[in-house]
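Numbering (my numbering), first residue to last: 427 to 745.
First the structure, in the form of structure tokens, and then the observations on it.
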Ligand code: UDP
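Written as structure tokens, this is what we have:
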């Protein structure tokens, strides 16, 4: 049984990772400052002996009593709307937060896995994106605060590995979906599902020809777990290569919900990547990993989750 620190524990990905490591018999310390995370995502773990929670901002010095075997750094605002609202926190958690966790990992002789992102490829000029591609990022655009923090995170993580011999892992995460996504984070999937459930217009940005490739959260967690326990130090893409245009994706969601919502078109946000699809050859080769969940099944599970939220419960009044 290992002792694992997971930052961003109350977030979408962090909470699923907490579940996975608890299920696998490890002791988990969840850490979160709750600026975008929600304790509801992990409340079922409170009371378990193997789980504890620390309310802390990892951009400040991080203290964890006792030994640690693994650290997974998943704390960060992670949607374009969040970066616009919290640009400085986004920069700090990816840079200062990562530095603090590298120092902690070094002090504890723990292995650190950092959550990087397909955003390091920016608006990519190579398609699909493989790990050797250096990217096309606008450092001063609205996404720059996230993209550059994550690029710095990769650089400092690699520097600690080469200079201090620290055991490090870097996962580049592509668009991921599933239960516990935040309803109002402005991302395409929660936006489309909540609009369809309310019978509102579906807001497709641009002409909807931009593409994304959506990975179900359980597949992502499996890939991350395999990477953590591998001995591979270079970045690894983990995502689902099944690519779809945002307009077709919106139509899939409307059809699935059976809603009468109409698709409407709105201005494309600045620097919105035109296409995105992971090349997962490296993950297949090194981790023997590939996604298993098909999108129609994954979307059904996610829709059931959104429908179960209080926001979508129909009011019943007793006579
Ligand atoms: N998008 C959209 N309508 C929305 C929210 C997002 O058309 O209400 C588009 C967005 O412009 C982007 C794609 O959907 O092209 C995916 O957006 P998301 O925020 O989910 O992720 P990211 O752009 O970071 O991949």
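In this text, a Cβ means the ideal position worked out from N, Cα and C, and glycines have one as well.
Since we're looking at a predicted model, the values are computed, not measured.
Measure the Cβ-Cβ separation of residue i and residue j and say whether it is below 8 Å.
| i | j | result |
| --- | --- | --- |
| residue 661 | residue 557 | yes |
| residue 596 | residue 664 | no |
| residue 604 | residue 685 | no |
| residue 487 | residue 428 | no |
| residue 640 | residue 721 | yes |
| residue 494 | residue 457 | no |
| residue 623 | residue 726 | no |
| residue 541 | residue 592 | no |
| residue 654 | residue 528 | no |
| residue 702 | residue 638 | yes |
| residue 499 | residue 433 | yes |
| residue 671 | residue 712 | no |
| residue 682 | residue 615 | no |
Using the Cα positions of residue i and residue j, report the straight-line distance between them to the nearest angstrom.
| i | j | result |
| --- | --- | --- |
| residue 673 | residue 504 | 22 Å |
| residue 563 | residue 579 | 15 Å |
| residue 705 | residue 691 | 30 Å |
| residue 466 | residue 633 | 36 Å |
| residue 584 | residue 680 | 43 Å |
| residue 645 | residue 450 | 16 Å |
| residue 613 | residue 698 | 12 Å |
| residue 480 | residue 455 | 7 Å |
| residue 582 | residue 476 | 31 Å |
| residue 667 | residue 461 | 31 Å |
| residue 474 | residue 620 | 33 Å |
| residue 445 | residue 492 | 22 Å |
| residue 648 | residue 715 | 8 Å |
| residue 537 | residue 547 | 25 Å |
| residue 575 | residue 526 | 14 Å |
Ignore the nearest five residues each way along the sequence and tell me which others in residue i's own chain have a CB closer than 7 Å to its CB.
| i | result |
| --- | --- |
| residue 509 | 503, 516, 568, 569, 571 and 572 |
| residue 617 | 629 |
| residue 587 | 594 and 659 |
Using C-beta distances below 6 Å, list every residue in its chain close to residue i, excluding the 5 sequence neighbours before and after it, in chain order.
| i | result |
| --- | --- |
| residue 552 | 559 |
| residue 437 | 463 |
| residue 610 | none |
| residue 485 | 518, 519, 522 and 523 |
| residue 643 | 442, 602 and 604 |
| residue 387 | This structure cannot settle anything about residue 387, because the visible part of the chain is limited to 427 through 745. |
| residue 472 | none |
| residue 710 | 716 |
| residue 577 | 546 |
| residue 452 | 427, 428 and 430 |
Would you decide whether residue i is buried or exposed? Buried here means 16 or more other CB atoms lie within 10 Å of its CB.
| i | result |
| --- | --- |
| residue 549 | buried |
| residue 440 | buried |
| residue 468 | buried |
| residue 544 | buried |
| residue 724 | buried |
| residue 636 | buried |
| residue 739 | exposed |
| residue 602 | buried |
| residue 533 | exposed |
| residue 565 | exposed |
| residue 448 | buried |
| residue 589 | exposed |
| residue 514 | exposed |
For residue i, which residues in the same chain have their Cβ closer than 8 Å to its Cβ, ignoring the five residues on either side in sequence?
| i | result |
| --- | --- |
| residue 695 | 506, 568 and 631 |
| residue 689 | 627, 628, 630, 634, 673, 676, 677 and 680 |
At least one CB of chain D closer than 8 Å to the CB of residue i: is that the case?
| i | result |
| --- | --- |
| residue 462 | This model lacks chain D altogether, as it is built from one protein chain only. |
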